[in-house]
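According to full-length UniProt numbering, numbering within the sequence shown proceeds without interruption in unit steps and concludes at 344. One structure is given below, encoded as structure tokens.
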Amino acid sequence: MGEDLTDSGSRGVPTSVDVARRAGVSQAAVSLVLGGKAAGRVGKKSQEAILRAARELGYAPNSAARTLRSGRSQVIALVVPDVNNPFFAAVFEGAERAARKEGYSVILITLKDIQDWQQLINEAFTTYAVEGWVLYTMRVPTAPLQELLRDKAILVDGFTNEMPSLLLDIEHGMTAMMQHLIQLGHTRIAHLAAALDDETFLLRHRVYREQLQQHKIPYRDDYQVRSAFTLESSYQAAYQLLTLQDAPTAIVCDSDMLAAGVYQAAHTLHLTIPADVSVTGFDDSLVSRILVPPLTTVAIPTETLGEQTIALLLSVLEKKQTPQFDSLPLSLVVRGSTTAIADK
Numbered sequence: 001m002g003e004d005l006t007d008s009g010s011r012g013v014p015t016s017v018d019v020a021r022r023a024g025v026s027q028a029a030v031s032l033v034l035g036g037k038a039a040g041r042v043g044k045k046s047q048e049a050i051l052r053a054a055r056e057l058g059y060a061p062n063s064a065a066r067t068l069r070s071g072r073s074q075v076i077a078l079v080v081p082d083v084n085n086p087f088f089a090a091v092f093e094g095a096e097r098a099a100r101k102e103g104y105s106v107i108l109i110t111l112k113d114i115q116d117w118q119q120l121i122n123e124a125f126t127t128y129a130v131e132g133w134v135l136y137t138m139r140v141p142t143a144p145l146q147e148l149l150r151d152k153a154i155l156v157d158g159f160t161n162e163m164p165s166l167l168l169d170i171e172h173g174m175t176a177m178m179q180h181l182i183q184l185g186h187t188r189i190a191h192l193a194a195a196l197d198d199e200t201f202l203l204r205h206r207v208y209r210e211q212l213q214q215h216k217i218p219y220r221d222d223y224q225v226r227s228a229f230t231l232e233s234s235y236q237a238a239y240q241l242l243t244l245q246d247a248p249t250a251i252v253c254d255s256d257m258l259a260a261g262v263y264q265a266a267h268t269l270h271l272t273i274p275a276d277v278s279v280t281g282f283d284d285s286l287v288s289r290i291l292v293p294p295l296t297t298v299a300i301p302t303e304t305l306g307e308q309t310i311a312l313l314l315s316v317l318e319k320k321q322t323p324q325f326d327s328l329p330l331s332l333v334v335r336g337s338t339t340a341i342a343d344k
């Protein structure tokens, strides 16, 4: 018996075949139009017919169906540089909880290369009908992309005039960390920095240098190493520092993940933390609490950060009066990985 494909409502969820038959076009044309690839390949009238048929049938790929029915997808994208970083996992938890209370769902998207921005946006709009964006990208999008995301996005830990920003008080956190070590008597303080030229990390190094200068502690080039956000890279960088003839008595790391590499290198060299070397991190991620001894770090309240970003984004989407930037204070958390130089 033949199947009537003209009335998709009687069969439940409509398909691209239904849209093609309603619009009088091929299924391939439907895929091109709804996939955002119709330019120069599908005529304007056919595109309009396909979109009209999709709306009438209530069809769209994946979660975008909600947009056709209501005009709102209520999907928010969190764009992060590393989905495997425990820091972003905690941020996502806070954001997801806050968004759910307001009737939104949240998806997590990884953006490792700034060159991938355009493709990411196209895919997210097409596949998920993303309505709002929270950008933890560490790098400000290019001007054309900022224009595309105007009134749809906020930037975290960065600043641009084109979209509201939530700034982290990195300067205060790094200053507190350096003063903590200097008050403990350390003068041979190394910096294990992230191998990224993003403002958040450049600021950490500026504060490091300023604190050394203010306390008349010489800046040493051999105490400066950079590392990728991998254990292998941070291990190698830490090993380089710890095997110097005049090795540092303290190592300041740009993240808790980088500090974990110092722990590994110290173990290899039969050094004890903090008796032989004090170590500090940044983030207060789960890593900082499972290391032995627990890591002294700068706490970024991740769940609060997630909640605050959602609140700021929703004010943008709802066209409420929104501050150009807001800030989130950070705090020093002293644990067992630092000790006074006199105790060594």
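Glycine is no exception: its CB is placed at the ideal position from the N, C-alpha and C atoms. Remember, it's a predicted structure, so these values are computed and weren't measured experimentally.
- Of the residues Glu199, Tyr136, Val262, which one's Cα is nearest the Cα of His191? Taking His191 as reference, the option from Glu199, Tyr136, Val262 with the minimal CA-CA separation is Val262.
- Task: Please state if the CB of Ile154 and the CB of Leu135 are separated by a distance shorter than 8 Å.
- Result: yes
- Run of the alpha helix (DSSP H) containing Arg204, from where it starts to where it stops: 199-214
- Item | Bridge partner(s) assigned by DSSP for Arg226 | Ala193
- Message: With a threshold of 8 Å, are at least 3 pairs of Cβ atoms found where one atom belongs to the stretch 84-103 and the other to the stretch 301-312?
- Response: Three or more Cβ pairs drawn from the stretch 84-103 and the stretch 301-312 lie within less than 8 Å of each other, which places the two stretches in contact.
- So, do the stretch 180-198 and the stretch 278-293 have three or more beta carbon pairs nearer to each other than 8 Å? Contact check between the stretch 180-198 and the stretch 278-293: three or more CB pairs, one atom from each, fall below 8 Å, which counts as touching.
- Task: With DSSP as the reference, label Gly9 as helix, strand or coil.
- Result: Residue placement at Gly9 cannot be trusted, given a pLDDT of 42 that sits under 50; what the coordinates show is reported in the next sentence. Assignment of Gly9 by DSSP, reduced to helix, strand and coil, places it in the helix class.
- So what does DSSP say about Ser337, is it helix, strand or coil? coil
- Message: Can you tell me whether Leu244 is buried or exposed? The criterion is at least 16 other CB atoms within 10 Å of its CB, across all chains shown.
- Response: exposed
- Task: Give the DSSP bridge partners of Phe159, in chain order.
- Result: In the DSSP output, where bridge partners are listed per residue, Phe159 has none listed.
- Query: What residue does the beta strand (DSSP E) around Asp256 start on, and which one ends it?
  - Reply: Unbroken run through Asp256 is the alpha helix (DSSP H), 256-268; no beta strand (DSSP E).
- Among Ala228, Ala340, Thr309, which has the Cα closest to the Cα of Met163? Thr309
- Message: Could you compute how far the alpha carbon of Leu242 sits from the alpha carbon of Pro248?
- Response: Taking the straight line from one Cα to the other gives about 7 Å.
- Task: To the nearest angstrom, report how far apart Ile170 and Ile273 are at their CA atoms.
- Result: 25 Å
- Message: Out of Thr296, Leu312, Tyr235, which one is the CA nearest neighbour of Glu102?
- Response: Leu312
- What does a CB cutoff of less than 8 Å around Pro293 pick up in its chain, not counting 5 residues either side in sequence? Ile273, Pro274, Arg335, Gly336, Ser337
- Query: Which word fits Tyr219, buried or exposed, when buried means at least 16 other C-beta atoms lie within 10 angstroms of its C-beta?
  - Reply: Exposed.
- Message: Buried or exposed for Pro14, going by 16 or more other Cβ atoms inside 10 Å?
- Response: buried
- Query: If Leu291 and Ala266 are in contact, beta carbons under 8 Å, what's the gap, nearest whole angstrom?
  - Reply: Not really, about 11 Å apart at Cβ, beyond 8 Å.
- Message: Suppose you measure from the CA of Arg69 to the CA of Glu93; what does that come to, to the nearest Å?
- Response: Any answer about Arg69 is weak, because its pLDDT of 49 lies below 50 and its placement is not dependable; what the coordinates show is given next. The alpha-carbon atoms of Arg69 and Glu93 are separated by roughly 29 Å.
- Item | Coil, strand or helix - Asp4 by DSSP | With a pLDDT of only 36 at Asp4, under 50, the local geometry of the prediction cannot be trusted, and no value is derived from it.
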